[in-house]
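Chemist: Here it is, the structure, as structure tokens.
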Amino acid sequence: MSVLAQGGVEGSSPLLNISIFAIFVVITLAIVIRVSKKASSGASDFYTAGGGFSGPQNGIAISGDYLSAASFLGIAGAIALYGYDGFLYSVGFLVAWLVALLLVAELLRNTGRYTMGDVLAFRMRQRPVRAAAATSTLAVSFFYLLAQMAGAGGLVALLLDVKSKTGQSIVIAVVGALMIAYVLIGGMRGTTWVQIIKAVLLIVGAGVMTLWVLALFGFNLSALMGDAVAHVGSAGEKLLSPGAQYGKSGITRLDFISLGLALVLGTAGLPHILMRFYTVPTAKEARRSVTWAIWLIGIFYLFTLVLGYGAGALVGPDAIKKAPGAANSAAPLLAYELGGTVLLGLIAAVAFATILAVVAGLTITASASFAHDIYINVIKHGQVQDEQHTEVKIARRTAVVIGIVAILGGILANGQNIAFLVALAFAVAASANLPTILYSLFWKKFNTNGALWSIYGGLGITLVLIIFSPVVSGKPVDPVTGKSASMLQGVDFHWFPLDNPGLISIPASFLLGYLGTVLSKDKANADKYAEMEVRSLTGVGVEKAVQH
Amino acid sequence: MSTTESPPPAGESPAGGTTAHPDWTTVQQSTEFQALRHRLRRFVFPLTAAFLVWYLLYVVLASYAPGFMAIKLAGNITVGLVFGLLQFVSTFAITTWYVKWADKKFDPHSEAIRKEIEGAGR
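Below, the structure written as structure tokens:
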């Protein structure tokens, strides 16, 4: 077999892996520097590339932003180990896009300019709602960043054969520094191009591997799955039907529903995805972006189905479990099995690029939210000398701070389950952001108080339920490894039975938004609602992407 | 620039040129706009409800009827796999349907109202 129990993947050449990755970095940095020369210095350019991207370009960039390490490494690994249950992630992550397409993307494009806060605060009292929107943006981005950085650490262990924690920490720091460089030099324009390049590499790479795997099985999916089943022995049949991971008890079944709900409602509340809709000039282009993104993301997830079962069949679940990085190493191991050292190196570089591009997108979103919502509108009351210049200056500084926080957080989170951290970000987005966005866009009576209740309430409930869930403490100790699957070992203070809080926190947050609105003496601002509605449906007054 | 009471409206950049605000409430109350709003909601709300129910049906079946999902249709292809793949098909189909609808049945009306407002604002 191709795998050792310890250390990197046998046959992997760390030097080759680093070289391919370095080539990617050099090429993308050159492109970022080139496109940044075209940019003007204003906030609009830094945050949204002046709204100058076309629908298809943005659609590819969205898929580059969305298909994170969790999608590629996480899902392929989950399918390889748990079969059908891993497939739910793919389905949920894809169907979620319909919420964005039908309810959010176009209306958001027409009513905001840079951040989620623009839309949420449109007809509300500015300062409290912007502060709330920025808080939840930062929270979601932070969890998502942690997941990506933790993924970078694990990937390094696997591919570069860096086993010491110090060595891995250094690599996480390098990834963080690179991402700060992309954001500072290129702003949204540069970040978008990195995402476009990465999306193309990732989808082509996964596509080649998929065809390769299918060709080995005579393009017969059934035969491929049969082989994956045979690899496991008598228990293998479980891979073909639901329940291998979530079918154990009533609680895990509920958990599966909870996860499904968070996945499908989270996407349209992810701030870094919402911000991408501002990089196109019109609602029609936003619609085209989402259409492109749905096709690309859907096709990619179909690939992961084949890759997951392919890894199960060709590498085998035991080998995957023993490899460093466990489930996350399924796709790289499959690459080695297929194309040897070179394909492994290429796929490794693509996985790195994936992390880098997603992290850059998150950083620019979080820094925009801080500079635009908190600094300019909350701290300075919107009264700043030379607003454009100041705003970009603050955003750049914030990007550096966020980069450093992400590096430190990533070093601490190194070894945590990536998919879990991402699911956490989705739960917060689905609970705190989506209800508030939908009420803002569609419910006339919604007011400031309601917005604050649904954002802070949703965020608070989600965090509390996570802290007191089995994810953080109290999962039984695995007799094989001698470790609990929880984040903390040796303590148990959990009282909430589900891993994912979505089932409770999402309805609760919708309810809070409703109660906060009807119980408050605030009256909704009817004139602003009229303006928001007319703008959102007709696109009147949308800032044109003119090159001044 | 923006004050605490008014958010930075997108159209007020110096280059935008829409100095006079249209009367938003009048536009909102107009029959044309009400019809446009009704048209959008009548299309997207039922469709959203439909795909969410369809998706939740899939999740609930996967969780509570694994036996049904495990029925093999051909070779190792199970009901559950086909169900999951149908979610992909329905997502692609709804996307295509919505874009066609929006291009043909929504945009022309929306554009007409926008031109009217922008014409009056000058």
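As given, the protein sequences belong to chains A and B, one line each in that order.
To convert, count from 1 in the first sequence and add 70; that's the working numbering.
To convert, count from 1 in the second sequence and add 25; that's the working numbering.
Ideal Cβ positions, reconstructed from N, Cα and C, are used throughout, including at glycine.
The structure displayed is predicted, hence computed values, not measured ones.
Using a threshold of 9 Å, state whether the C-beta atoms of A:Ala400 and A:Leu377 are closer than that.
Modeler: Against a cut-off of 9 Å, the Cβ pair of A:Leu377 and A:Ala400 comes out as a contact.
Chemist: Could you run through the stretch 118-133 of chain B and flag, in chain order, every residue whose CB is less than 7 Å away from some CB of chain A?
Modeler: Hits within the stretch, in order: Ile119, Thr120, Tyr123, Val124, Ala127 and Asp132.
Chemist: As a quick exercise: from A:Ser575, A:Ser510, A:Asn519 and A:Phe496, pick the residue whose alpha carbon is nearest that of A:Val534.
Modeler: Ranking A:Ser575, A:Ser510, A:Asn519 and A:Phe496 by Cα distance to A:Val534 puts A:Ser575 first.
Chemist: Return the residue from the list B:Arg62, B:Asp48, B:Gln112 and B:Gln54 that minimises the CA-CA distance to A:Ser606.
Modeler: If we check each option's Cα against that of A:Ser606, B:Arg62 comes out closest.
Chemist: Can you round the beta-carbon distance between A:Met186 and A:Thr205 to whole angstroms, since I take them to be within the 8 Å contact cut?
Modeler: Rounded, the Cβ-Cβ distance is 11 Å, inconsistent with contact.
Chemist: Under 9 Å, Cβ to Cβ, is there at least one residue of chain A near B:Val107?
Modeler: No, because no Cβ of chain A sits closer than 9 Å to the Cβ of B:Val107.
Chemist: Ignore the nearest five residues each way along the sequence and tell me which others in A:Pro84's own chain have a CB closer than 6 Å to its CB.
Modeler: Leu230 and Asp231, listed in sequence order.
Chemist: Distance cutoff 9 Å, beta carbons only. Does A:Pro312 sit that close to anything in chain B?
Modeler: Chain B contact via Cβ: present.
Chemist: Going straight from the alpha carbon of A:Leu281 to that of B:Ala95, what length do you get?
Modeler: Looking at the two C-alpha atoms, the distance is approximately 26 Å.
Chemist: Say whether chain B places a C-beta atom closer than 9 Å to the C-beta of A:Ala360.
Modeler: Sequence check: residue 360 of chain A is Val here, not Ala. For A:Val360, the answer is yes, since a Cβ of chain B falls inside 9 Å of its Cβ.
Chemist: Considering A:Leu151, what are the terminal residues of the alpha helix (DSSP H) in which it resides?
Modeler: Unbroken alpha helix (DSSP H) run through A:Leu151: Ile145 to Tyr152.
Chemist: Report yes or no: is there a C-beta of chain B within less than 9 Å of the C-beta of A:Asn290?
Modeler: Yes, A:Asn290 counts as interfacial toward chain B.
Chemist: Measuring CA to CA, which of A:Val470, A:Phe422, A:Ile367 and A:Val95 is closest to A:Ile273?
Modeler: The candidate whose alpha carbon is nearest that of A:Ile273 is A:Ile367.
Chemist: If you draw a straight line from the alpha carbon of A:Val350 to that of A:Pro341, how long is it in whole angstroms?
Modeler: About 16 Å.
Chemist: Under a three-way DSSP split, which group does A:Thr433 fall into?
Modeler: Of the three classes helix, strand and coil, the one that applies to A:Thr433 here is helix, per DSSP.
Chemist: So A:Gly182 and A:Asn398 are supposed to be a Cβ contact under 8 Å. How far apart are they, rounded?
Modeler: Incorrect: roughly 35 Å between the Cβ atoms, too far for contact.
Chemist: DSSP on B:Leu98, reduced to helix/strand/coil?
Modeler: Strand.
Chemist: Measure from the C-beta of A:Tyr152 to each C-beta in chain B and report whether the shortest distance is under 9 Å.
Modeler: Not an interface residue.
Chemist: With the cut-off set at 9 Å, would you say A:Leu309 and A:Tyr379 are in Cβ contact?
Modeler: Taking 9 Å as the Cβ cut-off, A:Leu309 and A:Tyr379 qualify as a contacting pair.
Chemist: Taking only beta-carbon atoms, is A:Met279 less than 9 Å away from chain E?
Modeler: Among the protein chains in the structure shown, which are A and B, there is no chain E.
Chemist: Go through its chain and collect everything with a Cβ distance to A:Tyr526's Cβ below 7 Å, but skip five positions before and after it.
Modeler: Result list for A:Tyr526: Ala202, in chain order.
Chemist: Report buried or exposed for A:Ile321, applying the criterion of at least 16 other Cβ atoms within 10 angstroms of its Cβ.
Modeler: When all chains shown are included, A:Ile321 counts as exposed.
Chemist: Going by beta carbon distance, what residues of the same chain come within less than 7 Å of B:Phe76, once the five residues before and after it are set aside?
Modeler: Same-chain partners within the cutoff: Ser115 and Ile119.
Chemist: Can you pull the chain A neighbours of B:Glu143, defined as C-beta to C-beta under 7 Å?
Modeler: Within 7 Å Cβ-Cβ: Val610.
Chemist: Check each candidate in A:Gly480, A:Thr518 and A:Ile507 and name the one with the smallest Cα separation from A:Lys235.
Modeler: Checked all of A:Gly480, A:Thr518 and A:Ile507; the closest Cα to A:Lys235 is A:Gly480.
Chemist: Determine, using beta carbons only, whether B:Arg67 comes closer than 9 Å to chain A.
Modeler: So no, B:Arg67 is outside the interface.
Chemist: Nearest chain A C-beta to B:Val84 closer than 9 Å, yes or no?
Modeler: Judged by the 9 Å Cβ criterion, B:Val84 is in contact with chain A.
Chemist: How big is the Cα-Cα spacing for B:Phe131 and B:Val107?
Modeler: Distance between the alpha carbons of B:Phe131 and B:Val107 is about 34 Å.
Chemist: Using a Cβ cut-off of 9 Å, pull out every chain B residue sitting near A:Lys354, in sequence order please.
Modeler: Under the 9 Å cutoff, chain B gives Ala127, Asp128 and Asp132.
Chemist: For A:Val420, I'd like the list of residues in its chain whose CB is within less than 7 Å of its CB, leaving aside the five on either flank, ordered along the chain.
Modeler: The residues are Leu271, Leu272 and Gly275.
Chemist: Considering only their Cβ atoms, is the gap separating A:Ile255 from A:Leu99 smaller than 9 Å?
Modeler: Yes, the Cβ-Cβ distance between A:Leu99 and A:Ile255 is below 9 Å.
Chemist: Taking Cβ positions only, does B:Val52 come closer than 9 Å to chain A?
Modeler: True, the Cβ-Cβ gap to chain A drops below 9 Å.
Chemist: Which one or two residues does DSSP pair with A:Val547 in a beta bridge?
Modeler: According to DSSP, A:Val547 bridges with A:Ser554.
Chemist: Would you say A:His442 touches the ligand NAD, meaning its beta carbon is less than 8 Å from a heavy atom?
Modeler: With respect to the ligand NAD, the structure offers nothing, as it holds no ligand at all.
Chemist: When the Cα of A:Lys108 is compared with those of A:Val226, A:Ala92 and A:Arg259, which residue comes out closest?
Modeler: For the residues A:Val226, A:Ala92 and A:Arg259, the minimum Cα distance to A:Lys108 belongs to A:Arg259.
Chemist: Name the two residues that bound the continuous alpha helix (DSSP H) containing B:Gln54.
Modeler: Element bounds for B:Gln54: Trp49 to Gln54.
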